[in-house]
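These notes concern the structure reproduced below.
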Amino acid sequence: MKKLTEGKPLKVILLFAIPMFIGQLFQLFYSLVDTRIVGEYLGKPALAAVGATTTLSDFLNGLLFGMTNGFAIVIATFFGAKDEKNMKRASFGSIVIGGGSSLLISILCITFLDQLMGLLRVDKAMVPMAKEYIGIILIGLSLNTMYNVGASTLRAVGDSFTPLIFLIVASLLNIGGDLLFVRVFHMGVKGAALSTVISQGVAAVTCLAYMFIKYPALRIGSEDRVMDRMILRRLLPTGLSMAFMVSFVNLGTLALQTAINTFSDDIIVSHMASRKVSSIFMMPFGILGTALATYCGQNLGAGKYNRIRTGMRDTLFATFVWCTGVIIVAYTVAPQLVKLITSVEDPYILETSTKYLKINTILYYVCAVICLTRNSMQGFGDSRTPVISSVLEFAMKMIAAFVMAPGLGYFGVMIAEPISWVVMVIPLVIGCLRNPILRQQDEEISI
Numbered sequence: 000m001k002k003l004t005e006g007k008p009l010k011v012i013l014l015f016a017i018p019m020f021i022g023q024l025f026q027l028f029y030s031l032v033d034t035r036i037v038g039e040y041l042g043k044p045a046l047a048a049v050g051a052t053t054t055l056s057d058f059l060n061g062l063l064f065g066m067t068n069g070f071a072i073v074i075a076t077f078f079g080a081k082d083e084k085n086m087k088r089a090s091f092g093s094i095v096i097g098g099g100s101s102l103l104i105s106i107l108c109i110t111f112l113d114q115l116m117g118l119l120r121v122d123k124a125m126v127p128m129a130k131e132y133i134g135i136i137l138i139g140l141s142l143n144t145m146y147n148v149g150a151s152t153l154r155a156v157g158d159s160f161t162p163l164i165f166l167i168v169a170s171l172l173n174i175g176g177d178l179l180f181v182r183v184f185h186m187g188v189k190g191a192a193l194s195t196v197i198s199q200g201v202a203a204v205t206c207l208a209y210m211f212i213k214y215p216a217l218r219i220g221s222e223d224r225v226m227d228r229m230i231l232r233r234l235l236p237t238g239l240s241m242a243f244m245v246s247f248v249n250l251g252t253l254a255l256q257t258a259i260n261t262f263s264d265d266i267i268v269s270h271m272a273s274r275k276v277s278s279i280f281m282m283p284f285g286i287l288g289t290a291l292a293t294y295c296g297q298n299l300g301a302g303k304y305n306r307i308r309t310g311m312r313d314t315l316f317a318t319f320v321w322c323t324g325v326i327i328v329a330y331t332v333a334p335q336l337v338k339l340i341t342s343v344e345d346p347y348i349l350e351t352s353t354k355y356l357k358i359n360t361i362l363y364y365v366c367a368v369i370c371l372t373r374n375s376m377q378g379f380g381d382s383r384t385p386v387i388s389s390v391l392e393f394a395m396k397m398i399a400a401f402v403m404a405p406g407l408g409y410f411g412v413m414i415a416e417p418i419s420w421v422v423m424v425i426p427l428v429i430g431c432l433r434n435p436i437l438r439q440q441d442e443e444i445s446i
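Numbering (numbering that gives the first Met the number 0), first residue to last: 0 to 446.
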């Protein structure tokens, strides 16, 4: 366990975030390898079928990931306040609510999978292959959620290194499974999905087991297996707020995907490739945002508001430096990155993906402000403003999906996110300026 309430804020945040960054790299790496293997051994139709449903799995995993991260903020606040009893009860609540919610979502999605394919406007020729892939992913949804419960709880008490170990193991298992099931056993897209689910299951079991064995303060006894009104009033608003915040973002992306799925296979592959590269470019935003949420939660519990302000300011400056480097990369070697990820050499796909990246990266500075401030606000107790901002993003992407894409084609999709960022950052800036915690002066920063 590690306290984030002492030491130089930026140093503490970066050291806490580094294992998460490495873990995200491995997670992204096996996602890219999965894409590469599908593209190389199964061809463009299989790649398009996987790409047509990836946004659905991202949406569901994002919803549940946001909820478990919201629960972790509550756990971090109790940890910062040195309230071990309620910390254990909050941990138990996160396991029960997270597991139950993911199981219910899996059942509903599998039951109505045909209708979901229709809502996504997946091409009829792709539907059988798309259902094979996403059906298995949905079965494993609870396993991924349980890993996130364990990982977010460990991060809440300052341990961001241990989840990295389990994630690395899961990544290597997934890569090996992809090669085994797809290349050796010739199981097609089902093999790629099965490999993902198995690796998630291993990560979930080992992470939770380690958490209970290693940290007595997180070991849940019979007296801790209760969820009184106080715990529920803390867990549900924060968990649901984080879930809604993430889900509105992903729901907007899902709406965009429905428009993209009406375009040609080349456009679908181009979009998937550019989004894969974007996920690398934008990775620090989400990681530092998650780190700030835990950091702010612990310092809120300890009453150290000045550290919250300083941590937010210094972290934002660090992300601006990253944004500058990313823009340089996008305008120099973007085609090579796209080619590396997809193994596709079609000039049209490379040109389209590169154009997408050049348009989006210019406004990454705004995106950085959004990711950092809305996670920080969740950490210090403002659960409303980030949701309002995410609703605006959802509304803008809906306009893009049903107005801009039909009228402007794929170019309408390219400019959708930058426009939505400019709109959704407004309530966040206003909320930060008005928030009493960000204005209040308290003790000097501990160094």
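Glycine included, every Cβ here is placed at the ideal spot set by N, Cα and C.
Inter-residue CB distance, residue i and residue j (contact presumed, cutoff 8 angstroms)
i	j	result
Tyr40	Val181	5 angstroms
Cys431	Ala367	Their Cβ separation, rounded to whole angstroms, is 14 angstroms, which puts Cys431 and Ala367 out of contact at 8 angstroms.
Leu31	Lys275	6 angstroms
Met415	Ile348	As written in the sequence, residue 415 is Ala, which differs from the Met given in the question. In fact, because the Cβ distance is near 20 angstroms, the residues do not count as touching under 8 angstroms.
Gln297	Lys2	7 angstroms
Ile307	Phe379	6 angstroms
Asn68	Ile230	Incorrect: roughly 17 angstroms between the Cβ atoms, too far for contact.
Val183	Glu131	At roughly 18 angstroms, the Cβ-Cβ gap does not stay under 8 angstroms, so Val183 and Glu131 are not in contact.
Ala258	Ala47	With 8 angstroms as the limit, Ala258 and Ala47 do not qualify as a contact, their Cβ atoms being about 15 angstroms apart.
Phe70	Ala89	7 angstroms
Ile133	Thr52	4 angstroms
Leu291	Leu371	6 angstroms
Ile340	Leu178	The Cβ separation is near 17 angstroms, so there is no contact.
Asp265	Lys87	53 angstroms between Cβ atoms; not a contact.
Cys206	Tyr146	5 angstroms
Val343	Gly38	7 angstroms
Ala301	Thr4	4 angstroms
Opening and closing residue of the alpha helix (DSSP H) in which residue i lies
i	result
Asn260	Careful: Asn260 lies outside any alpha helix (DSSP H) and carries neither H nor E.
Leu3	No alpha helix (DSSP H) holds Leu3; DSSP gives it neither H nor E.
Asp122	No alpha helix (DSSP H) contains Asp122, which DSSP labels as neither H nor E.
Tyr364	363-378
Val188	188-213
Arg35	8-41
Lys357	346-360
Ile387	384-398
Ala467	No answer is possible for residue 467: it lies beyond the span of the chain, which begins at 0 and ends at 446.
Met145	140-155
Phe180	Segment: none, Phe180 is in no alpha helix (DSSP H) and carries neither H nor E.
Ser221	Unbroken run through Ser221: none, as it is neither H nor E.
Asn85	83-110
Ser419	415-433
7 angstroms Cβ shell around residue i - same chain, five flanking residues per side excluded
i	result
Ser382	Pro236, Thr237, Ser240
Ser141	Gly98, Ser101, Leu102, Ser105
Ile212	none
Gly50	Ile267, Val268, Met271
Lys10	none
Thr289	Met19, Asn68, Asn374
Phe319	Tyr364, Ala367
Val424	Val365, Val368, Ile369
Thr152	Ala71, Ile74, Ser90, Ser93, Met210, Leu217
Gly220	none
Asp345	Asp265
Beta-carbon contacts of residue i that lie in its chain and below 8 angstroms, excluding the five residues immediately before and after
i	result
Val95	Met226
Pro426	Thr384, Ile387, Ser388, Leu391
Val196	Ile135, Ile136, Ile138, Gly139, Leu142
Ile446	Residue placement at Ile446 is flagged as unreliable, the pLDDT there being 33, under the threshold of 50; a coordinate-derived value is accordingly withheld.
Thr252	Thr54, Asp57, Phe58, Lys396
Val325	Phe280, Thr360, Tyr363
Leu193	Ile135, Gly176, Phe180, Met186
Nonlocal neighbours in the same chain, by C-beta distance under 6 angstroms from residue i, ignoring five residues either side
i	result
Met413	Tyr355, Ile358
Ser159	Phe15, Pro18, Met19
Leu362	Pro417, Trp420
Ala75	Ala155, Thr293, Gly296, Gln297
Ser198	Ala169, Leu172, Asn173
Glu443	For Glu443, the pLDDT reaches just 42, beneath the cut-off of 50, and the residue's location in the model is therefore unreliable, leaving the point undetermined.
Leu163	Pro18, Ile21, Gly22
Asp441	Confidence at Asp441 is low in this model, with a pLDDT of 45, below 50, so its placement is unreliable and the value that follows should be read with caution. Within the same chain, Asp441 has close Cβ partners Tyr304, Asn305.
Ala333	Thr353, Leu356
Ala202	Tyr146, Phe165, Ala169
Arg233	Val73
Tyr29	Ser170, Asn173, Ile174
Ala129	Ala48, Ala51, Thr52, Val121
So, does the stretch 236-252 touch the stretch 16-23, judging by three or more C-beta pairs under 8 angstroms?
no
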